[in-house]
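> To convert, count from 1 in the sequence shown and add 62; that's our numbering. Even glycine gets a Cβ: it sits at the ideal position worked out from N, Cα and C.
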Amino acid sequence: MQLLRQTAPASNSSAGFSHPWEWYTWSEEFLGVVSAWAECADALEDPEMIHVSGGVEYDYTFSLPLESLPHEYPRHSLVEVAHSARNLKLPRNIVLLTDLFSDKLDGVRFHRLLSCIRSAIVDVAGGDQWAALHAPPKPVGPTIGEFPLHADLYVPWMLLNVFDDVPDDESGASLFLSIDELREAIELVADIIPIDTRAGIERCLRRIRATDGFQELYSSLYGQGSGLVRQPNDWTAALRSEMTARCSSVKFERGQGYLLDDRSWLHGRTAPTHGVPPNRIHRLVFKNVL
63 MQLLRQTAPA SNSSAGFSHP WEWYTWSEEF LGVVSAWAEC ADALEDPEMI
113 HVSGGVEYDY TFSLPLESLP HEYPRHSLVE VAHSARNLKL PRNIVLLTDL
163 FSDKLDGVRF HRLLSCIRSA IVDVAGGDQW AALHAPPKPV GPTIGEFPLH
213 ADLYVPWMLL NVFDDVPDDE SGASLFLSID ELREAIELVA DIIPIDTRAG
263 IERCLRRIRA TDGFQELYSS LYGQGSGLVR QPNDWTAALR SEMTARCSSV
313 KFERGQGYLL DDRSWLHGRT APTHGVPPNR IHRLVFKNVL
């Protein structure tokens, strides 16, 4: 099953891009899955939040077992989606997504759909609970501001973010920086960054991880502490300036999003008006086999 097809650039396609990225939307095959899904989605219970043992921080996921679906629903279609996700091959650049919501697929239904897709991927992966996470966004709240460039570094590495409750102004824009651009920025201030720190950053970005690594990378870039406010490193200001000079940005609208390799790209956001509501984004992180 093909999950995505290329589409015309969205109206915000030229905003802040320094890369020739292409826009995609759902394929006709996937829209067929959505159409069948819409007939039973409203009758499902809210997805359960479960803990996946072995993580450091990012170890919770929403999940709905396929057994919770009505018997008449064609569960095999979600298994096909799971196989397609695990065999998905991304271009080197970020995949930008648009027109993902419709009258048959709103934010609530999409949340439930991702919870079932997460379970289907785990089943296809032989029960590997880390094969996919429908991970809740955090932190949330009305006072949360910017989120500097970072990598989430979940155990799985393919990151899908779809935006739902976002401000209708230009605040809360998404920021992107490739790992090659990060290396360029580090090289320019390498004289003030310890060698072991530079080696640690590279170690963080290895695809295969036993546990999540957000804190390790974030501390190397921005300083020690907890949360997003840190005691900066000696090199933080200079490195952040070089990173900012190279990053691209776009303000995603509701029903838009992106798909990327979380080991190849840093991402972040400018401060959104009124903070970050719990349903700002819907996130699926998964492993592929390519």
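1) Can you have a look at V228 and say buried or exposed, based on whether 16 or more other CB atoms are within 10 angstroms of its CB?
2) Select from D253, G275 and R292 the residue whose C-alpha is nearest the C-alpha of A213.
3) By DSSP's criteria, E129 is part of a beta bridge. Which residues make up the other side?
4) Can you name, in chain order, every residue of its own chain whose Cβ lies under 8 Å from the Cβ of V202, other than the five neighbours on each side?
5) Between which residues of its own chain and L106 is the CB-CB distance below 8 Å, once the five residues before and five after are set aside?
6) Have a look at V141, V95, L250 and D296 and flag the residue whose alpha-carbon is nearest the alpha-carbon of A187.
7) Here's a check: name, in chain order, each residue in its chain whose Cβ is nearer than 7 Å to the Cβ of L346, leaving out the five neighbours to either side.
8) Excluding the 5 residues flanking H90 on each side, which residues of the same chain have their C-beta closer than 8 Å to its C-beta?
9) Work out the CA separation of V95 and L328 for me, nearest whole Å.
10) Express the C-alpha separation of W83 and R260 in angstroms, rounding to a whole number.
11) Is L346 near the ligand NAD - that is, is its Cβ less than 7 Å away from at least one heavy atom of it?
12) Tell me the DSSP secondary structure of H344 in three-state form.
13) Which residue from G289, I241 and G287 puts its Cα closest to that of R268?
14) To the nearest angstrom, how far is it from the Cα of G287 to the Cα of T273?
Let's see:
1) As a first step, residue 228 must be located in the sequence shown, where it is residue number 166. V228 should be labelled buried.
2) Taking the first residue of the sequence shown as position 1, residue 213 is located at position 151. For the residues D253, G275 and R292, the minimum Cα distance to A213 belongs to G275.
3) Here residue 129 corresponds to residue number 67 of the sequence shown, with the count starting at 1. According to DSSP, which records beta bridges pairwise, E129 is partnered with nothing at all.
4) Walking along the sequence shown from the start, residue 202 turns up at place 140. Once the five neighbours on either side are set aside, the close Cβ partners of V202 are G337, V338, P339, P340 and R342.
5) By 1-based counting over the sequence shown, the position of residue 106 is 44. Once the five neighbours on either side are set aside, the close Cβ partners of L106 are L126, S130, L131 and R174.
6) By 1-based counting over the sequence shown, the position of residue 187 is 125. Selected option, being the one with the closest Cα: V141.
7) Residue numbering aside, residue 346 sits at position 284 when the sequence shown is read from its first letter. L176, I179, R180, A194, H196 and L222.
8) Position 28 of the sequence shown, counted from the first residue, corresponds to residue 90. The sequence shown places Glu at residue 90, rather than the His named in the question. Answer for E90: R67, listed in chain order.
9) The residue you call residue 328 lines up with position 266 of the sequence shown. The residue you call residue 95 lines up with position 33 of the sequence shown. L328 and V95: Cα-Cα distance of roughly 31 Å.
10) Residue mapping note: residue 260 aligns to position 198 of the sequence shown, counting from 1. Residue mapping note: residue 83 aligns to position 21 of the sequence shown, counting from 1. Between R260 and W83, the C-alpha separation is close to 29 Å.
11) Among the components modelled here there is no ligand, and therefore nothing to report on the ligand NAD.
12) Sequence index remark: in the sequence shown, residue 344 carries index 282 (1-based). In the structure shown, H344 sits in a strand (DSSP, three-state: E or B).
13) For the purposes of this step, residue 268 is taken as residue 206 along the sequence shown, with counting starting at 1. Closest by alpha carbon: I241.
14) One-based indexing of the sequence shown puts residue 287 at position 225. One-based indexing of the sequence shown puts residue 273 at position 211. Computed Cα separation, rounded: 20 Å.
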